[in-house]
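Below: the structure, in structure tokens.
Numbering (our numbering), first residue to last: 992 to 1271.
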């Protein structure tokens, strides 16, 4: 058991360090990994975001992730209890044994994506994003972290492991895909004007069905960054207008959900309660 815990600590910490390293190196320079693909047109696609907003998004996510990882090293310092689980209450620190490996896989794959994307291997990087998206979706629907209570536990567990990663991967799949398929011309931008509404439909689904305003707010931030990025990329276009509209709608829906607790009346049942029991 002690060896398993030590392995978990090492893998989780290493994955976080690699993820931070990869993202920072990419922000500093597009050819940070020594690749020769300095002009691979990531800055002029219909899904290119504002780099400052992306930096803010990842800054928030890493703050939450560091808080999540700290629970592994200092479990005794946190005696809080999570409610709402079908099998009864469970300590917050015990949750890391259930969702922690999804968290680790997310960060490892994020680092691999950075390396591939920065070196121009866009097909492989898109494949990594899709695999990572499946990883987070499995976490979301298997462990149902959106139902965690109280709010402090929900913030420290659900946001860094499910909500923010889900929003990021949804955005990154479209951005990477636009680079992969060279979506820089009129026809591609027209198609992008239609596809951008997925950034409203998908987060709205999580807001209405799961009351997940974590996905709502994180998606709002990313779409706002997309709007700013498109405004400075191509002023005479619909993409930035649509993005601002979507960001505004998501913000309103997220605020309503956060304040009222639901966009419609729904009780948490055993089917929607978080499945976070430790394995025997």
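For each residue, glycine too, the CB sits at the ideal point set by N, CA and C.
Quantities reported herein were computed from a predicted structural model and do not represent experimental measurements.
- Taking residue 1006 as the centre and dropping the five residues before and after it, the same chain places the C-beta of 1095, 1098 and 1099 closer than 7 Å to its C-beta, in chain order.
- Judged by their CB atoms, residue 1164 and residue 1121 are nearer to each other than the 8 Å cut-off.
- In this structure residue 1107 is in contact with residue 1116, their Cβ atoms being roughly 4 Å apart against a cut-off of 8 Å.
- In this structure, 1220 is the residue among 1246, 1241, 1003 and 1220 with its C-alpha nearest to the C-alpha of residue 1041.
- In the same chain as residue 1102, and ignoring 5 residues on each side of it, the C-beta atoms closer than 8 Å to its own belong to 1006, 1009, 1010, 1012 and 1013, in chain order.
- A direct Cα-Cα distance of roughly 14 Å separates residue 1088 from residue 1149.
- Apart from sequence neighbours up to five positions away, the residues of its chain that approach residue 1151 with a beta-carbon distance below 8 Å are 1052, 1055, 1056, 1058, 1059 and 1094, ordered along the chain.
- In this chain, the alpha helix (DSSP H) harbouring residue 1189 covers 1189 to 1201.
- About 14 Å separates the beta carbons of residue 1197 and residue 1214, which is beyond the 8 Å limit, so they are not a contact pair.
- With 16 or more other Cβ atoms from the protein chains shown falling within 10 Å of its own Cβ, residue 1201 counts as buried.
- Counting of Cβ neighbours within 10 angstroms places residue 1141 among the exposed residues, the total staying below 16.
- Counting of Cβ neighbours within 10 angstroms places residue 1232 among the exposed residues, the total staying below 16.
- Straight across, the Cα-Cα distance linking residue 1207 with residue 1170 is about 26 Å.
- Straight-line measurement puts the Cα of residue 1092 at about 18 Å from the Cα of residue 1065.
- Non-local beta-carbon contacts of residue 1217 in its own chain, meaning distances under 6 Å to residues more than five positions away in sequence, involve 1040 and 1234 in chain order.
- Shown here for residue 1000: same chain residues with a beta carbon closer than 8 Å to its own, the five before and five after excluded, namely 1063 and 1064 in chain order.
- According to the DSSP assignment, residue 1213 belongs to the alpha helix (DSSP H) that extends over 1204 to 1224.
- In the three-state reduction of the DSSP assignment, residue 1037 falls in the coil class, being assigned neither a helical nor a strand state.
- Within its own chain, the residues whose Cβ lies closer than 7 Å to the Cβ of residue 1241, once the five positions on either side in sequence are excluded, are 1191, 1194, 1207, 1210, 1211 and 1214, listed in chain order.
- If you check the CB distance, residue 1223 and residue 1184 do not come in under 8 Å.
- With contacts defined by Cβ atoms closer than 8 Å, residue 1123 and residue 1160 form a contacting pair.
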